[in-house]
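First the structure, in the form of structure tokens, and then the observations on it.
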Amino acid sequence: MPADYNGTWEMESNENFEGYMVALGKVAKHLKQTKEIIQDGDNFKTKTMSTLRNYELNYTVGVEFEEHTKGLDNREKDCMKNVGFCP
1 MPADYNGTWE MESNENFEGY MVALGKVAKH LKQTKEIIQD GDNFKTKTMS
51 TLRNYELNYT VGVEFEEHTK GLDNREKDCM KNVGFCP
């Protein structure tokens, strides 16, 4: 069973995120994020709240799922989380 990540987390730093957003044509210089994580064993429900958008992602560790990054860069991608929370 993975470590317990339940709780609400505030982003402390983001390295090169602004450059990534500029490359996408968006500005994220002053983006503040709060992430709420609800964990039940290997099942995770995450909510990311920011000034630009709110985003929910639910997944099970080790199980492939499709993620649609609507509101960010509008990509659809197959993902698999091998740890509970990747900052």
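So the sequence shown is numbered by UniProt numbering: it starts at 1 and just counts up by one. From the three backbone atoms N, C-alpha and C, an ideal C-beta is built for every residue, glycine too. What you are looking at is a predicted structure, and each value in this text was computed from that prediction instead of being measured.
**OP:** Check the DSSP bridge columns for Y59 and list the partner residues they point to.
**Re:** F44
Subject >> Pick from K32, A3, Y5, A23 that is closest to T51, judged by C-alpha positions >> reply: K32
**OP:** Excluding the 5 residues preceding and the 5 following N54 in the sequence, name in chain order all residues of the same chain whose CB lies nearer than 8 Å to its CB.
**Re:** Within the same chain, N54 has close Cβ partners K47, T48.
Original post:
Where does E15 fall in DSSP's three states?
Top reply: Reduced to three states, the DSSP call for E15 is coil.
Subject >> Beta-bridge partners of T8, as assigned by DSSP >> reply: E36
Subject >> Close-in-space but distant-in-sequence residues of the same chain around residue 100 (CB under 6 Å, 5 per side omitted) >> reply: A query on residue 100 cannot be resolved here, the shown segment of the chain reaching from 1 to 87 and no further.
Original post:
Quick one: what's got a C-beta closer than 6 Å to D42's C-beta in the same chain, skipping five residues either side?
Top reply: Result list for D42: T60, V61, in chain order.
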